[in-house]
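These protein sequence lines map, in sequence, to chains A and B.
Just add 16 to the spot in the first sequence (first one is 1) and you have the numbering used here.
Just add 16 to the spot in the second sequence (first one is 1) and you have the numbering used here.
There are 2 protein chains.
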Amino acid sequence: MGRGRVAVGTVAVASALGLFSRLQTAIPTVRTFSVSQPLHKGASPEWNLGRLNHVAIAVPDLEKAMAFYKNVLGAQVSDVVPVPEHGVSVVFVNLGNTKMELLHPLGNNSPVAGFLQKNKVGGMHHVCIEVDDINAAMKDLKKKKIRILSEEVKIGAHGKPVIFLHPKDCDGVLVEMEQA
Amino acid sequence: MGRGRVAVGTVAVASALGLFSRLQTAIPTVRTFSVSQPLHKGASPEWNLGRLNHVAIAVPDLEKAMAFYKNVLGAQVSDVVPVPEHGVSVVFVNLGNTKMELLHPLGNNSPVAGFLQKNKVGGMHHVCIEVDDINAAMKDLKKKKIRILSEEVKIGAHGKPVIFLHPKDCDGVLVEMEQA
């Protein structure tokens, strides 16, 4: 989607902040699927793909985007959560079965700044899919010639281990994998 | 995301084909949330926002994309489903809580052809969120100055009523709303 520079930083809140957890806790849900009960037979015996954790949207104006989802669409949205260690401010939009994460640059070298330079009005930035074993997934994906955007597994902004797959190996989609 | 022409056509299979339904039927799920039990208080008393129905990905090579999700990621994918009345061939990727839909142009005037001209390797095309009353949603959104890409509600490729919201009014994201 015309990305010159690939944004690697993860995009959610440190779990310590617990904001979205609280939002979620308020709504009793039965998890339809988890990686501990894999839906997918798996392409490898070593790891299993899980549910869609989130769709991340880069937005040029966080307050405006927040107002759109809350006041126009009527979605349940979090407050703005600064995640300086990942260079983003985040707002979580709870859609019940999954969530959208609205991302806005915070500080210098934000992973979404370059994206917004190219996409002035904003746009879909990445999808995040859960896996049950991030190290096994990374090893297997490397063997299958999928480029990973970091040498090692990193701790993402949810406080969980993540990797990002190269968009050119994923039909132009930046795919984050997060260990659930 | 650099879209000059907005793609309006919907992107899923006619429910009569029932392919994905069969895939889903094979997996007992407890629906975590439906529009009949709205999670969202709503910005309007007239309609409620629901769950994320799907994320649509436009792909230049459907077989290759299918192989990626099935053989590399180990996801459960459908066969290729031609939906000529909507100008796309579709593959459904079941992620348990929601799905991804891989779209490839079919015939002339496909709604994804222009997108793929601009995004040669493919990319995220739209998100689809469910609503409980599409007519009420459309009326309310128009009142709130959100541009709708058609004068009237249309029947989408799932065989259900849909509208598309203008990406410039949704932070660069093409948002489909489908009556659940």
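Each residue gets a CB set at the ideal place from its N, CA and C atoms; glycine is no exception.
Since this is a predicted model, take the numbers as computed values, not measurements.
| Asked | Found |
| --- | --- |
| Between the beta-carbon of B:Phe84 and the beta-carbon of A:Cys186, is there less than 8 Å? | yes |
| Going by CA-CA distance only, name the one from B:Arg67, B:Gly175 and B:Lys80 that's closest to A:Gly188. | B:Lys80 |
| Among the candidates A:Leu165, A:Ile164, A:Met193 and A:Ile73, whose CA atom is the shortest distance from the CA of A:Pro177? | A:Met193 |
| Whose C-beta lies closer than 7 Å to the C-beta of A:Glu62 among residues of the same chain, with five residues either side of it excluded? | Asp149, Ala152 and Asp156 |
| For A:Ala81, would you say it is in contact with chain B, using Cβ-to-Cβ distances shorter than 8 Å as the test? | yes |
| Does the beta carbon of A:Val99 fall short of 7 Å from some heavy atom of the ligand HEM? | Questions concerning the ligand HEM fall outside what the structure shown contains, since it holds no ligand whatsoever. |
| Could one say the Cβ of A:Arg67 lies closer than 8 Å to chain B's Cβ atoms, at least one of them? | yes |
| For chain B, check one thing: does any of its Cβ atoms lie closer than 8 Å to the Cβ of A:Val143? | yes |
| What's the C-alpha gap between B:Ala173 and B:Lys184? | 24 Å |
| CA-CA distance, A:Leu132 and A:Pro100? | 18 Å |
| Buried or exposed for A:Val46, please, with buried defined as at least 16 other CB atoms from any protein chain shown within 10 angstroms of its CB. | Only weak support is given to the placement of A:Val46: the predicted model assigns it a pLDDT of 36, under 50, and the value that follows is read from those uncertain coordinates. Classification of A:Val46: exposed, given that the 10 Å Cβ count is below 16. |
| Is A:Ile150 helix, strand or coil when you go by DSSP? | helix |
| What does A:Leu157 reach in chain B if we use C-beta pairs closer than 8 Å? | Val88 |
| For B:Leu111, would you say it is in contact with chain A, using Cβ-to-Cβ distances shorter than 8 Å as the test? | yes |
| State the start and end residues of the unbroken beta strand (DSSP E) segment that holds B:Ala115. | In the sequence under discussion, the amino acid at residue 115 of chain B is Lys, which differs from the Ala named in the question. Unbroken beta strand (DSSP E) run through B:Lys115: Lys115 to Pro121. |
| Going by C-alpha to C-alpha distance, which of A:Gln92, A:Arg163 and A:Ile73 sits closest to A:Gly112? | A:Gln92 |
| Leaving out the 5 sequence neighbours to the left and right, which residues in its chain are closer than 8 Å to B:Leu78 when beta-carbon positions are compared? | Val96, Ser105, Val107, Leu118 and His120 |
| Pull up the distance between the alpha-carbon of A:Lys134 and that of A:His142, whole angstroms please. | 15 Å |
| Identify which residue in B:Ser60, B:Asn69, B:Met154 and B:His182 has its Cα closest to the Cα of A:Lys86. | B:Ser60 |
| Does any C-beta atom of chain B lie closer than 8 Å to the C-beta of A:Val97? | no |
| In the DSSP assignment, what residue or residues form a beta bridge with A:Met193? | A:Ile145 and A:Ile179 |
| Could you tell me which of A:Arg67, A:Pro127, A:Glu168 and A:Leu165 sits nearest to B:Leu89, measuring between CA atoms? | A:Arg67 |
| Where does A:Gly139 sit, in a helix, a strand or coil, going by DSSP? | strand |
| Which of helix, strand or coil does DSSP assign to B:Asn87? | helix |
| Could you give the distance in angstroms between the alpha-carbon of B:Ile162 and the alpha-carbon of A:Val137? | 15 Å |
| Are the C-beta of B:Gly103 and some C-beta of chain A separated by less than 8 Å? | no |
| Helix, strand or coil: which one does DSSP assign to A:His102? | helix |
| Could you work out which residue in A:Leu165, A:Ala72 and A:Leu190 is closest to A:Val109 when comparing CA atoms only? | A:Ala72 |
| Along the chain, where does the beta strand (DSSP E) containing B:Leu68 start, and where does it finish? | Leu65 to Ala74 |
| Looking only at its chain, what residues have a beta carbon closer than 8 Å to the beta carbon of A:Gly139, apart from the 5 residues adjacent to it on each side? | Met17, Ile73, Ala74 and Phe131 |
| Buried or exposed for A:Lys158, going by 16 or more other Cβ atoms inside 10 Å? | exposed |
| Taking CB distances under 8 Å as the criterion, tell me whether B:Val178 reaches chain A. | no |
| For A:Ala42, count neighbouring Cβ atoms within 10 angstroms of its own Cβ and tell me buried if that reaches 16, exposed if not. | With a pLDDT of 34 at A:Ala42, under the threshold of 50, the predicted position of this residue should be treated as unreliable, though the coordinate-derived value follows. Exposed, because fewer than 16 other Cβ atoms sit within 10 Å of the Cβ of A:Ala42. |
| So, helix, strand or coil for B:Lys170, using DSSP? | strand |
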